[in-house]
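> Residues 20 to 255 (the numbering used here) are what the sequence shown spells out, left to right.
From the three backbone atoms N, C-alpha and C, an ideal C-beta is built for every residue, glycine too.
Have a look at this one before I ask anything.
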Amino acid sequence: MDTADRADAPVVVAIDGPSGSGKSTVSRAVAARLGLSFLDTGAMYRAMTWWMLANEVDVNDPEAVAIACGKPVIVSGTDAAGPTITVDGQDVSGPIRGQEVTSQVSAVAAVPQVRARLVELQRGCARVAERGIVAEGRDMGSVVFPDATLKVFLTASETARAERRAAELRAKGLDEATITAMAADLARRDAADSSRETAPLTQAADAVLVDTSDLTLDQVIGTIAALVEQRAGLAV
Numbered sequence: 020m021d022t023a024d025r026a027d028a029p030v031v032v033a034i035d036g037p038s039g040s041g042k043s044t045v046s047r048a049v050a051a052r053l054g055l056s057f058l059d060t061g062a063m064y065r066a067m068t069w070w071m072l073a074n075e076v077d078v079n080d081p082e083a084v085a086i087a088c089g090k091p092v093i094v095s096g097t098d099a100a101g102p103t104i105t106v107d108g109q110d111v112s113g114p115i116r117g118q119e120v121t122s123q124v125s126a127v128a129a130v131p132q133v134r135a136r137l138v139e140l141q142r143g144c145a146r147v148a149e150r151g152i153v154a155e156g157r158d159m160g161s162v163v164f165p166d167a168t169l170k171v172f173l174t175a176s177e178t179a180r181a182e183r184r185a186a187e188l189r190a191k192g193l194d195e196a197t198i199t200a201m202a203a204d205l206a207r208r209d210a211a212d213s214s215r216e217t218a219p220l221t222q223a224a225d226a227v228l229v230d231t232s233d234l235t236l237d238q239v240i241g242t243i244a245a246l247v248e249q250r251a252g253l254a255v
């Protein structure tokens, strides 16, 4: 397929990586630069977890979670300028970032029925993205979009990731004790997500590895935008 053909086809950019690698910020910025839609799949799992907690479903009971996961109506707005997430029509963009959801989301995300439902929704978002989509998460390249135009696995040293996450939390006004506790929880989540049986956090065999440890945000965005341009013929 030549560049002219590829330029007319919808683009799917799959960006995966652990917490603190910068994938959310980078993915959204790349989408905005290239005029593509943006999908935060982590927000979808958080939304599902929020609904489970709000409806008193035992998130540590995989069978109960599996039975309930078809009930909530989860809608992701994919405008890179202002992505949204609603559950049964309610804006949950704030509540899903709370510590209670953060501490429980890995348990919910590990349930195969949850992943099957949300993968279907994620692929649906890509199908209706007129020009294409940048989707970020933990199994975008390995499971959700195996034929993506470009797959990227963002990583960074543990030190760099910890420092970035702490800076984000301080910017939100959290105290040091809370920051330390949340940092430990993020490390636990990465370990749980990497070792789960269903769709673990892993680098797809054909993904481009981008280590962001010593790169500025603009450098990372530029690197990925250039890769998309090479693969899809988009103007950067």
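1. From 192, 153 and 165, pick the residue whose C-alpha is nearest to that of residue 50; which is it?
2. When burial is assigned at 16 or more other CB atoms within 10 Å of the CB, is residue 39 buried or exposed?
3. Below 8 Å on the Cβ atoms is my contact criterion, and I expect residue 133 with residue 67 to pass it. Report the Cβ-Cβ distance as a whole number of Å.
4. What are the partner residues of residue 230, as DSSP defines its beta bridges?
5. What is the DSSP secondary structure of residue 113, reduced to helix, strand or coil?
6. Compute the distance between the beta-carbons of residue 247 and residue 173, then report whether it is under 9 Å.
7. Can you give the Cα-Cα distance for residue 55 and residue 41, rounded to whole angstroms?
8. Can you give me the C-alpha to C-alpha distance between residue 22 and residue 101, rounded to a whole angstrom?
9. Taking the continuous beta strand (DSSP E) assigned at residue 33, which residues delimit it?
10. Roughly how many angstroms separate the alpha carbons of residue 52 and residue 120, rounded to a whole number?
11. Among residues of its own chain, excluding the 5 on either side of residue 33, which ones have a beta-carbon nearer than 6 Å to its beta-carbon?
12. Enumerate in chain order the residues of its own chain whose CB-to-CB distance from residue 25 is below 6 Å, with the five nearest sequence positions on each side excluded.
13. Give the secondary structure of residue 147 by DSSP, where H, G and I count as helix, E and B as strand, and everything else as coil.
14. Could you give the residue range of the alpha helix (DSSP H) that holds residue 239?
15. Could you check whether the region 180-196 touches the region 57-73, counting it as contact only if at least three pairs of C-beta atoms, one from each stretch, sit closer than 8 Å?
16. My output table needs one value for residue 169: the three-state DSSP class, helix, strand or coil.
17. Could you work out which residue in 142, 235 and 124 is closest to residue 183 when comparing CA atoms only?
18. Give me the Cα-Cα distance between residue 239 and residue 227, rounded to the nearest whole angstrom.
19. Within a Cβ cutoff of 6 Å, which residues of the same chain sit near residue 175, ignoring the five residues on either side of it in sequence?
20. In angstroms, rounded to a whole number, what distance separates the CA positions of residue 81 and residue 131?
Well, looking at it:
1. 153
2. buried
3. 6 Å
4. 174
5. coil
6. no
7. 18 Å
8. Summary for residue 22: the model assigns pLDDT 37, below 50, so the residue's position carries little reliability, and this model does not support an answer.
9. 30-35
10. 31 Å
11. 154, 159, 160, 164, 167 and 170
12. Low local confidence applies: a pLDDT of 41 at residue 25 is under 50, so the model's placement there is unreliable, with the coordinate-based value given in what follows. For residue 25, where only same-chain residues beyond five positions count, the Cβ hits under 6 Å are 251 and 252.
13. coil
14. 236-251
15. no
16. strand
17. 235
18. 12 Å
19. 40, 231 and 232
20. 9 Å
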